[in-house]
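Worksheet: the structure to be examined is printed underneath.
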Amino acid sequence: MAEQSEEDSISSRESWQKRALYRYYQSRPGWVDGTQRFWNLLSAHIAQGSAILEVGAGPSNRTTRFMSELGEVTGIDLDPAVEANDFCTHARVFDGCRIPADDASFDASVSNYVLEHVEDPVALLGECHRVLRPGGIVAFRTPNLWHYVSLIARITPHAFHERVALKAQNASEDAHDPYPTFHRMNTRATCRKMLESAGFECLVLDCLEGEPAYGLFSRLAFYPMMAWERILNSTDRLEDLRANIHCIARKLP
């Protein structure tokens, strides 16, 4: 009976989450979730048949699968588990210093929630510039430092992230053990400055606030977070406080 009660509790919790997401987000006219927005951005700036480098591809994720329909994806990661990513045409272990690729060998470099974990983003951008062809694209999505989730991440120990972060994300399809964060390139101002110093021109640099996925573990968290989302999206004056940065930059000649 106790086991059945626990199953009922889990089912009930999932039900309120699905109902809340549908009622307040998915049923709204024109609503598009954050991942789809990022994919739309990639589709608009990466031509079909491109050679794509994914930095931080991991063992599997939906964005790799999406990009595999745009072109040939080479995935690199510090973790050897990247070699299990079936959506990569090529998978290579990255030592964190030099990207294992020849100069001017890619049309686009993409990272999805990776830059916040990079201790030296200037060096990484330099490597991306090296392996991109002239006019090549750097695209990324990364948390905004000025959002409350990132601020909490900065003031809490990594052990807290390991225990709590995945539960707060409700164990999403792309969830994995959280890596240490540095947030060295996590405001629009620092993104623009570092990209331009590395020889890139910013084409798109937006902050977006979507559904509060981190609040889905509890109603007490979800509804206040949803209220804050509504406030942030009510005026462009608050854009720099929104959750995620979406960027497209082009390699200058």
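In this note's numbering, the protein residues as written are 174 to 426.
By construction, the Cβ of each residue, glycine as well, lies at the ideal position given by its N, Cα and C atoms.
Note that the structure is predicted; figures quoted are calculated from it, not measured.
On the three-state DSSP scale, how would you describe residue i?
| i | result |
| --- | --- |
| cysteine 261 | coil |
| asparagine 285 | strand |
| proline 253 | helix |
| glycine 248 | strand |
| histidine 356 | coil |
| asparagine 417 | strand |
| alanine 274 | coil |
| valine 291 | coil |
| leucine 243 | coil |
| glutamate 384 | coil |
| aspartate 379 | strand |
| serine 188 | helix |
| serine 323 | helix |
| asparagine 343 | Residue placement at asparagine 343 cannot be trusted, given a pLDDT of 47 that sits under 50; what the coordinates show is reported in the next sentence. Note: asparagine 343 maps to coil in three-state DSSP. |
Would you report the Cα separation of residue i and residue j, rounded to the nearest angstrom?
| i | j | result |
| --- | --- | --- |
| isoleucine 325 | tyrosine 387 | 12 Å |
| asparagine 285 | isoleucine 219 | 15 Å |
| leucine 393 | tyrosine 197 | 16 Å |
| phenylalanine 171 | cysteine 364 | No answer is possible for residue 171: it lies beyond the span of the chain, which begins at 174 and ends at 426. |
| proline 307 | alanine 224 | 13 Å |
| leucine 376 | phenylalanine 395 | 33 Å |
| cysteine 420 | serine 391 | 31 Å |
| lysine 404 | arginine 235 | Looking at the sequence shown, residue 404 is not lysine but isoleucine. Near 29 Å, if we compare the C-alpha coordinates of arginine 235 and isoleucine 404. |
| glycine 203 | arginine 210 | 12 Å |
| leucine 214 | arginine 201 | 21 Å |
| serine 216 | glutamate 242 | 10 Å |
| proline 426 | methionine 399 | 44 Å |
| alanine 348 | serine 278 | Caution applies to alanine 348, whose pLDDT of 44 falls short of 50 and renders its modelled position unreliable; the value that the coordinates give is listed next. Roughly 30 Å separates the two Cα atoms. |
| asparagine 417 | alanine 274 | 29 Å |
| threonine 247 | leucine 226 | 5 Å |
| phenylalanine 260 | histidine 320 | 32 Å |
Counting C-beta neighbours from all protein chains within 10 Å, is the total for residue i 16 or more, i.e. buried, or is it exposed?
| i | result |
| --- | --- |
| glycine 269 | exposed |
| lysine 191 | exposed |
| serine 370 | exposed |
| lysine 424 | buried |
| isoleucine 249 | buried |
| threonine 329 | exposed |
| tryptophan 189 | exposed |
| alanine 264 | buried |
| proline 353 | exposed |
| serine 345 | Here serine 345 scores only 47 on pLDDT, less than 50, and its place in the model should not be relied on; the value that follows carries that caveat. Result: exposed. |
| glycine 222 | exposed |
| alanine 362 | exposed |
| proline 385 | buried |
| aspartate 280 | buried |
| glutamate 289 | buried |
| proline 397 | exposed |
Looking only at DSSP bridge pairs, what is residue i linked to?
| i | result |
| --- | --- |
| lysine 424 | Phe373 |
| proline 316 | Asn417 |
| phenylalanine 390 | The partner list for phenylalanine 390 (beta bridge, DSSP) is empty, contrary to what the question assumes. |
| isoleucine 310 | Ala281 and Arg423 |
| valine 228 | Ile249 |
| leucine 215 | According to DSSP, which records beta bridges pairwise, leucine 215 is partnered with nothing at all. |
| leucine 305 | Phe279 |
| valine 266 | Asp250 |
| serine 223 | Gly244 |
* Quick one: any contact between the region 302-311 and the region 393-412, if contact means 3 or more CB pairs under 8 Å? -> Taking a cut-off of 8 Å on C-beta distances, the region 302-311 does not touch the region 393-412, as fewer than three cross pairs fall below it.
* To do: Specify whether the region 356-365 and the region 254-272 touch according to this definition: at least 3 beta carbon pairs, one from each stretch, less than 8 Å apart.
  => Contact fails: fewer than three Cβ-Cβ distances are below 8 Å.
* Asked: Can we say the region 275-285 touches the region 309-318, given the rule of at least three CB pairs closer than 8 Å?
  -> Between the region 275-285 and the region 309-318 there are three or more inter-stretch CB-CB distances shorter than 8 Å, so the stretches are counted as touching.
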